[in-house]
Amino acid sequence: MGDISKPVRRFDAPEKIMGTARYVDDYFEEEMLFVRIVRSTRPRARIKSIKLPKLPSGYCVVDKNDVPGENRIKMIFDDWPFFAEDVVNFYGEPILAIAGPDREKVYELSNAVKIEYEDIPPIYTIEESEENKRPPIFGENNLFADYFYEKGDPDGAFRDADQIVEEEFRTGFQEHIYLEPQGMIAKYEDGRITVFGSMQCPYYVKNALIKAFGFPEDRIRVVQTTTGGGFGGKEEYPSQIAGIAAFCAYKTGKTVKLVYDRAEDVEFTTKRHPSRIRIKGAIKDKRVVGIEVDIALNAGAYAGLSSVVLQRAMFAATGAYRIDNVRVLGKAFATNIVPLGAFRGFGAPQAIFAIETFMNHVAKKMGEDPVRFKLAHRYKKGDTTATGGLLRSEVRLPEITEKIIEMSEYYEKKKQKEKDGKLYGIGFSMFLHGCGFTGNGEEVLKSIARLKKRKDDKVEILISNVEMGQGPQTTLRKVVAQVLGIPMEDVIYENPDTDKVPDSGPTVASRTAMIVGGLLYRVAKELKEKWKEGEEVVVEKQYRHPEYIKWDQSTFKGDAYPEYSWGANVIEVEVDPLTYEIEVKKAYAVFDLGTPLDKKIIEGQIHGGMLQGIGYATLEVMEFENGRFKQRTITDYIIPTAMDAPLFETDLVVEPYKNGPFGAKCAGELTLVGAAPAVCAAVEDALGINLYEIPIRPEKLLVLMNKEDN
Amino acid sequence: MRGVFIINGQRKEIEFAPHKRLLDVLRENGYTEVKEGCREGECGACVVLLDGKPVNSCQVLAASVMEKEIITVRGLGTIHKPHPIEEAFVEAGAVQCGFCTPGMIISTYALLKENPDPEDDDIKRALDGNLCRCTGYVKITKAVKLASKKVKKDGK
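Going down the list, the protein sequences come from chains A and B. Here the first sequence stands for residues 1 to 710, numbered as in my numbering. Here the second sequence stands for residues 1001 to 1156, numbered as in my numbering.
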C-alpha cells in the first residue's frame, strides 16, 4: 500500500464537527412554504372522492393536475406516479400535497382532508402475487421482471448427481435509517426550477424533473446539499420528493421546503426487498457440481429499480464459488407495499445469505468443515463466473481465509460450546461483490468526468457524485492531487450542482472510487500533460469499459462486472439459553477491495457496513401486517446502538485493479454482504440447528428449539 | 410568548409559541447545529447540554427551560479553535455523514465531565442514546478515548 492509502484529515469533517455544515433542513428563508403530503390510508383502492378543508389564504393544494408534464417518476419502467391517479397501490401513496407558510397549520389542514375509497383486494406476499388470483397490480401476471440464465448442463448434473439437496431461504425488509431524513427545497425563478436537497444522484433527480415538467434541460437545476447518509435510500426515492416540492414551487412561485419527519421516512420510503430464494444443488463426490437458484423478490407497488436489483441478486447467486452447471431464475413480484428499492448491496445481500447458508448446510451434510468445503469450491483466476465472464485478476481467497482463520482463532474457538453461561457459536462466510453498475449499466451511462484547472492554479473536480459520508470529497481529492503532484488543498470538490458538473453517473453500486475515480485519474494524467501555469485548462473524458469486457444484456452472458472485490467474515455470538437472545460479540473481516484510497475511510466503511449487515441479520425487524408496517418509528424499528456493536478486527489483502485509481476496486457494499451469513452460521453453531431465515429472532429460535427438544 | 435562554453563554430573548419544543426554538433561531433526526428522543442527534446535563432537546418543552443554560456543539469551540473533543473526532476518523456528530460530541463532553477516564464499556453506555448508521461506533469510541487524553492535557 503506497502513499495514497495513508490516512489524511477528511475535508468534510471541520464543518461537520462544528455543526456548520448545512443539510437541507438547515436552510430557512423568509416566506418559505412548508409542504405536507396527504397519503393513501388504504393499501389498494380506487379513489372515489376527495373532500378538502377550507384553505386559508396563502395555502394551496397540489395534486396530479398540477404536474405540468408527465405524472411519472422517471426510472426504468416509468410506472410510478408522483401523485396517485385513480387508484392507490400502497398504504402511504401520495395523493395530494398541501403547501403553506405555517408548518403546523399545513399539518392540521392535511389531516383534515377526507378521502373516500373503494377497496380492491390487496396482494402482499410473493405467494399471493405469484398465485395471481386477485386482479393483477402490474401487467397480467404481477411480474416486473422475469429472468433466466444458464451455464453448462444443469439437467445433466442433476441426472448424474449422487445426491440432490434442496432448501428455501427467506430474507426480510431492511430500512436504511440514514440519520438525516429525506428532504428537498424547490424554487421557481426566471422560468427555471431549482431543487436543493439530500440525494445520491443529482442527474436522476434532474432527469425526473425534465420529464415531470416537460421542460428543456436548461430550465432544471439540481444541487446536492450536505447529505446525512444514503445507503441506497437516496438513490431513486429523492425524485419523488423533488417532484412534489417542485410542483408546489411552480404553482406558488415561492420557495418550498418538503422534509420528511422520521415516521414518514420509516414508513413510506423505499427499503430492501424481502426475498424467497430456493436452491437446489447437485452433489457428486461430496462437491456441488450443479446448482439451480430460484430468486423471488417482493418488489412492492411500482417497478422502481427492482429489475436491476434482481439482476444483481441473480449474478451473485453462486457466491464466490465455481459451479460449472448453473441455472438461475429470477422474478420481481408486484405487491401492495411501498416500492422496494436500492439498499447497499442491491440484491446481493439476499443472494449471498442464501448461497452461503446453503454451502454451510451441504458441508455439514457431507461431514466436512465449512471453511475447507468452501475453499474447495472457490473461484480462481481464469475461471468463468456463473454468467460466463472471465476472472482476469488473481482471486486471493486462500490468503484472505488464512488470515481471518488465524486472526479469529477460528478452529480453537470452534471447539467451544459455552461461555459465561451462554451458548457460544462462531461462523464463517466467504463472498464477492461485482464492482460498478450491473450488466450494461456503465455502457448506457457513459459517464463524463471533468477537471478544470483555474488561472490561480487550483483544480476543480467536476463530477455529479456526492459525499454522503463515504468519503469521496477526501479520496477523490487525494487521487487528483497525487496524479497532478499538487497539494490536496489546491483541489476543489464542491457539492454537485447540475449547472456546473457533467453527468458522471449516480453515487451508487460502489462505483464512485473505482469507475469515476479511475476516470478522474486518467483525466488528471492528461491535465498534467496540458498544464500551463496561470492559464485555465479544462480536460474531460467519457467512461467506456475496457475493450475486453464482453456482455450481452439480452442473454445475461459474459462479464456482468468489470472487476470483483472479495472478502471473508467471521462472527462470534453468544446466545442466551433461556431467551435465545443473540449477542454478536466479535466481528472479523478480511477484504480484498484493491488499493484502499485512504485506510481510515476504508475502515469506517468496513465497520459501518458490517454493523448494518449484522443488524440486517438480527435486530432489524420490519413486519407487514394488515396492509401496513408494524414498525413505523425508530422506537419500533431497531438499529444497532453502541451497546449492540461488537468488537471489530479487520485486515486487507490487496489485489489492485489496473483501471481503478491506484488500483482501487469496490468497497462500500462489499462490507455489508458477508455479515448476515456469518451471523447465521454462528447462531447455527451455537444451537446446533440449521436456519433458513433472516432476521434471526429469539421468539422464532424458541419455537425451533422446542421442536428440536421434542 | 417571550423568554430568555442562555445559549452558548449568551443571553437570548426569543419569541416562541408556548407549546414549542426546545429543538424547534433552537433551530428556528439559527442553532441549526442541533439536528432533528427523529423527534422521538431515540436518535440523539438533537442532544444539547441543559445546565450541564445532556438532554434530547426534542423532548424538552422550551417554556420549561427559560433562564437555563444551554450549550450546543458550537458553544464548545470554533472552526479555528476547535474543542479538543471536536479535534479528537476529526483525528480518529469518527466523522462520516456528520449528522449524528454534534449530538455525539455533546454526549462525549458530558461523559468526560463525569468520568475523565472512561473505559470502552463506559463509552458505549454513555453513547447508547446516540445513533450512528455510518461508523459502527468503532472510531467514535476511539475518538472519545483520544478526547479524554486531550482534555486532560488541555485541562478543559
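Just so you know, even glycine gets a beta-carbon here, dropped at the ideal spot from N, CA and C. If you're wondering where the values come from, they're calculated on a predicted model, not measured in any experiment.
Counting C-beta atoms within 10 angstroms of its own C-beta, P1102/B has 16 or more neighbours from the protein chains shown and is therefore classed as buried.
At least one beta carbon of chain A lies nearer than 8 Å to the beta carbon of T1101/B.
The DSSP-derived three-state label of V308/A is helix. Close to chain A, meaning a Cβ-Cβ distance shorter than 7 Å, are the following residues of the stretch 1029-1062 of chain B: T1032, E1033, E1036, G1037, C1038, R1039, E1040, E1042, C1043, A1045. Residue contact with chain B for K257/A: absent (no Cβ-Cβ distance below 8 Å to any residue of chain B). By the criterion of a C-beta distance shorter than 7 Å, K284/A is surrounded in its chain by D160, A161, D162, once the five residues flanking it on both sides are discounted. If you ignore the 5 residues before and after V223/A, its C-beta comes within less than 6 Å of the C-beta of F196, D497, all in its own chain and listed in chain order.
At the C-beta level, V88/A and S129/A stay beyond 8 Å of one another. What V1065/B touches in chain A, judged by beta-carbon distance under 8 Å, is nothing: the nearest beta carbon there is about 20 Å away.
Residue nearest to K257/A within the set Y23/A, I220/A, P121/A is Y23/A (criterion: CA-CA distance).
Between L179/A and C1097/B the beta-carbon gap is near 6 Å, inside 8 Å, which marks them as a contact. If you draw a straight line from the Cα of M643/A to the Cα of D499/A, it is about 45 Å long.
Look at A316/A here: in three-state DSSP terms it is coil, with no helix or strand label.
Within the same chain, Cβ atoms closer than 6 Å to the Cβ of P596/A are found at S5, I602, the five residues on either side in sequence being excluded.
In this structure, the CA atom of L1049/B is about 10 Å from the CA atom of I1007/B. V259, D261, R262, A263: these are the residues of the stretch 238-263 of chain A whose beta carbon lies less than 9 Å from some beta carbon of chain B, given in chain order. At a cut-off of 8 Å between beta-carbon atoms, G604/A makes contact with chain B. Judged by DSSP in its simplified three-state form, K211/A adopts helix. Taking 8 Å as the threshold, the shortest C-beta distance from L611/A to chain B falls below it. Under the DSSP assignment, E15/A falls in the alpha helix (DSSP H) whose first and last residues are 13-18. Inter-residue distance for R192/A and L109/A is about 29 Å (C-alpha atoms, whole angstroms). I295/A carries a strand assignment under DSSP once its states are collapsed to helix, strand and coil. A Cβ-Cβ distance of about 12 Å is found for the pair M407/A and E572/A, leaving them out of contact under the 8 Å criterion.
Below the 9 Å Cβ cutoff, chain B contributes no neighbours of R42/A, its closest Cβ being approximately 26 Å away. Secondary structure at A386/A: coil, using DSSP grouped into helix, strand and coil. Across the set E489/A, L484/A, L527/A, D651/A, the C-alpha of E489/A shows the shortest separation from the C-alpha of Q473/A. Approximately 6 Å separates the beta-carbon atoms of A301/A and I337/A; this is inside 8 Å, confirming the contact. Apart from sequence neighbours up to five positions away, the residues of its chain that approach F1099/B with a beta-carbon distance below 8 Å are K1035, G1037, A1045, ordered along the chain. Beta-bridge partners assigned by DSSP to L1026/B: none are found. Taking a Cβ-Cβ threshold of 7 Å, the residues of chain B close to R9/A are V1090, in chain order. Taking 8 Å as the CB threshold, K1068/B stays off the interface with chain A.
DSSP places A97/A in the uninterrupted beta strand (DSSP E) bounded by 94-100. Taking C-beta atoms as the reference points, A208/A and K74/A count as a pair closer than 8 Å. According to the DSSP secondary-structure assignment, E1013/B is paired through a beta bridge with V1004/B.
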